[in-house]
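Protein chains in written order, with this note's numbering: chain G, 890 to 1240; chain X, 3 to 215.
C-beta: ideal position from N, C-alpha, C; glycine also.
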Amino acid sequence: MGDPMDFTIYYNPYHNCRNMTISAMVMRLGATLEYLFGQAGLFYKEEKNGVFITPYYRSLESEFARSHGIFFHEDKITDANQFITHLRRLVEKKHTVAVMLDIYELPYSIYYRDNHDYHDIEIVALEEERFVICDHHFQYYGVVDADVIQKASLSLVHHLGIDACTSYYFTRPRDYTYHKDDFIRVLSENCQAMKGKAIDYLVQEAAGAYIGLQALEPMKIRITEFLTRNDQRQAAFLYELYKMVKEISHSRHHFHLFLKAFDQEEIAFDFLEAAQHWAVITNLLMRAYITGGYNDVTDRVERRFDKLIEKEMQNLDNMARLLAALTSDSNKKKRYASKEQRVQHKKALLP
Amino acid sequence: MKLERLDGPERISLQEGSIVSAYICLDLTPYVNNRGMTAITDYEKGTLSEGKSSFPMELLPTNKPFLIHDIPFAWSKTEEHDNIELTGQTLSFEATEVKEIYILGVSSNGDYFDQISFLHDGQEVCREYLYLSDFAATTASFRDRQALVTDYLHTRTGKYELVQPRMWLEQIPFASPCLINQIRLEDNPAMHIFAITLAGQKRGGTDGIYDLS
């Protein structure tokens, strides 16, 4: 770890604050960001207290360990004083550490003393008794008192019900070279996910769920019916919906970068378009949340859903075609390889 | 809709035979529906983003027209509004043979693009993409170019010096000049247009620079 002033803010509007912080941290460990966020499936399930919608089928932590050689370490400490001591110790050991905080207690934030919400920041150094932080989401680099960190982490426990003060950091014991087979695997899994297959942790959640393309129409109906009902008591549900739909948009955006990193420009643009469609719906949901005008956005959401359904169908076709072409190439190479071997073998048998 | 003539030889750019070309700044006041500029006394009244963002008016050009990359633009301000938040509007204006369109605008909460259609009497003549980067971005994400940058942003809490907001210049060229009198926008509330200038010409004579004011 170099001079604290070497740390720069990593701002990316296509990440929530957690993934933005994670990106900044693993980038310091040498990871290539374009390869990290390739998952772009779709899963929708009605639950007792709302809905569960996600584009992701593997946890980021398991994906990092499995495919990038990056290991996630999380610590939960109930005693706030011990928590601060723990943070200091990690920073002294040259780690940068992410801390989960309540935005309500961050004086530099525009939401200070306004509303409670989860927020992740990165501690990058110590300056005597104080912490040097990068708040990537708010593009803030500066020094804050330990009291602020303590208060803001405790506030999550008191107001948003998490069980203890929480921090995490990453290690990357060895370099990992991402290659074409990884690309094919991610492409194949996204393809399967959009065709309706439950993957990894979603397997146990699959009963009663809509997966892949088949989730789109039910989601459209669920969301537009909710908006039509105009039940203002459900604002918290709307906010959760907004966050989940936004994550779908982010996933398409990052998969577009992933595709570009492997020179698939044309299909990448289609995913960027899909990301935009999802983002428009996200923005309309946020508008409804802020203004209370649920009915004002219903038709607009429905119209945009129609466009995105068309685009998602097209994208699955494109993915399947690309996958077929890539695996066919790969199989051809395998066949040629074995033919050469056969020829060599025959030659060896000649008198 | 009123088309505004911009006098001055530097703004009458081309003369090709009997056709005179000019920059025509569209008056968008009938369509503005959003507030993206605020005075310091009204900093909390911006609506570019849900965080009440806006450009500080005191740092923006005040002359009419003002030049950005040598292209003249004019703001279209009403008492409440100064830009078009895209909600699927159709902008109408006098028929113009357009070679290029210049748009000043921003996106909020990310970089956005969407389709934009050019029409003549309701018939689509051509369709393009309109690209506008995030006002909080430091570099353009698409083909758009930086037009303006201010030292700080206005938000719900006042001056926000952590972000230097940028307005972007999007240039849409046509393969060949198109006679159009309408522009149809998509329904995309994250995209905002502050000014549109047509590089256009009236067919049939050197005296044909529009002056409909």
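Three-way DSSP call (helix, strand, coil) for residue i in this model
| i | result |
| --- | --- |
| residue 1189/G | helix |
| residue 115/X | strand |
| residue 975/G | helix |
| residue 31/X | coil |
| residue 1171/G | helix |
| residue 1134/G | helix |
| residue 1032/G | strand |
| residue 107/X | strand |
| residue 149/X | strand |
| residue 1277/G | No answer is possible for residue 1277/G: the residues shown for chain G start at 890 and end at 1240. |
| residue 175/X | strand |
| residue 1061/G | coil |
| residue 1002/G | coil |
| residue 57/X | strand |
| residue 924/G | helix |
| residue 996/G | coil |
| residue 1216/G | helix |
| residue 162/X | strand |
| residue 1069/G | helix |
| residue 905/G | coil |
| residue 944/G | coil |
| residue 1093/G | helix |
| residue 899/G | coil |
| residue 970/G | helix |
| residue 190/X | strand |
| residue 12/X | Note on residue 12/X: pLDDT 38, under 50, position unreliable in the model; the coordinate value appears next. Helix. |
| residue 1101/G | helix |
Buried or exposed (CB count within 10 angstroms, at least 16 for buried), residue i
| i | result |
| --- | --- |
| residue 76/X | buried |
| residue 908/G | buried |
| residue 169/X | buried |
| residue 172/X | buried |
| residue 203/X | buried |
| residue 913/G | buried |
| residue 1165/G | buried |
| residue 112/X | buried |
| residue 156/X | buried |
| residue 65/X | exposed |
| residue 36/X | buried |
| residue 1217/G | exposed |
| residue 175/X | exposed |
| residue 1187/G | buried |
| residue 1107/G | exposed |
| residue 1101/G | buried |
| residue 178/X | exposed |
| residue 1110/G | exposed |
Under 8 Å between C-beta atoms of residue i and residue j
| i | j | result |
| --- | --- | --- |
| residue 1029/G | residue 1119/G | no |
| residue 896/G | residue 1023/G | yes |
| residue 1137/G | residue 922/G | no |
| residue 50/X | residue 194/X | yes |
| residue 180/X | residue 100/X | yes |
| residue 1143/G | residue 903/G | yes |
| residue 1059/G | residue 960/G | yes |
| residue 1200/G | residue 1155/G | no |
| residue 1191/G | residue 934/G | no |
| residue 98/X | residue 200/X | yes |
| residue 134/X | residue 104/X | no |
| residue 980/G | residue 1014/G | yes |
| residue 1080/G | residue 1208/G | yes |
| residue 88/X | residue 182/X | no |
| residue 1135/G | residue 1171/G | yes |
| residue 1127/G | residue 1178/G | yes |
Across the segment 951-963 of chain G and the segment 1110-1127 of chain G, are there enough close Cβ pairs to call them in contact, namely three or more that are closer than 8 Å? Touching, no.
Inter-stretch contact (C-beta, 8 Å, three-pair minimum) for the segment 142-162 of chain X and the segment 184-193 of chain X: With the cut-off at 8 Å, the segment 142-162 of chain X and the segment 184-193 of chain X do not touch.
Residues within the segment 155-168 of chain X neighbouring chain G, beta-carbon criterion of under 8 Å: Along the segment 155-168 of chain X, going in chain order, the ones with a CB nearer than 8 Å to a CB of chain G are 157, 158, 159, 162, 164 and 165.
Validate contact between the segment 990-1009 of chain G and the segment 1066-1077 of chain G using beta carbons, cut 8 Å, 3 pairs: For the pair of segments examined, the segment 990-1009 of chain G was found not to touch the segment 1066-1077 of chain G: the number of CB pairs separated by less than 8 Å stays below three.
Given a limit of 7 Å on CB to CB distance, which residues of the segment 1149-1173 of chain G reach chain X? Residues passing the 7 Å Cβ filter: 1165, 1168, 1169, 1172 and 1173.
Tell me whether the segment 991-1004 of chain G and the segment 1037-1052 of chain G touch, counting them as touching only if at least three CB pairs, one residue from each stretch, are closer than 8 Å. Verdict: yes, contact present.
Below 8 Å, how does it come out for the segment 153-169 of chain X and the segment 40-49 of chain X: are there three or more Cβ pairs, yes or no? The segment 153-169 of chain X, when compared against the segment 40-49 of chain X, does touch it at the 8 Å Cβ threshold.
What residues in the segment 899-931 of chain G have a beta carbon less than 7 Å from any beta carbon of chain X? Answer set for the segment 899-931 of chain G: 902 and 903.
Kindly confirm or deny that the segment 1042-1056 of chain G and the segment 1177-1195 of chain G touch, where touching means at least three C-beta pairs closer than 8 Å. Counting Cβ pairs under 8 Å, fewer than three are found: no touch.
Given a limit of 7 Å on CB to CB distance, which residues of the segment 181-202 of chain X reach chain G? Hits within the stretch, in order: 189, 190, 191 and 192.
Please identify, using Cβ separations under 9 Å, the residues of the segment 100-118 of chain X that lie next to chain G, in order along the chain. So the close ones are 110, 111, 112, 113, 114, 115 and 116.
Within 9 Å of chain G by C-beta, residues of the segment 39-67 of chain X in sequence order: Hits within the stretch, in order: 52, 53 and 54.
Of the residues that make up the segment 1180-1204 of chain G, which ones have a beta carbon closer than 8 Å to any beta carbon in chain X? Flagged, chain order: 1189, 1192 and 1193.
Going along the segment 1020-1038 of chain G in order, which residues come within less than 8 Å of chain X, judged by CB to CB distance? With the criterion set as a beta carbon lying under 8 Å from some beta carbon of chain X, the members of the segment 1020-1038 of chain G are 1027, 1028 and 1029, in sequence order.
Below 8 Å, can you find three or more Cβ-Cβ pairs linking the segment 966-983 of chain G to the segment 1048-1065 of chain G? Touching, yes, given that three or more Cβ pairs across the two stretches are closer than 8 Å.
Short of 9 Å Cβ to Cβ, which residues in the segment 136-147 of chain X face chain G? Taking 9 Å as the Cβ-Cβ cut-off against chain G, the residues of the segment 136-147 of chain X that qualify are 136, 138, 139 and 140.
Under 7 Å (Cβ pairs) to chain X, residues found in the segment 978-1003 of chain G: Within the segment 978-1003 of chain G, the residues whose Cβ lies closer than 7 Å to some Cβ of chain X are 999, listed in chain order.
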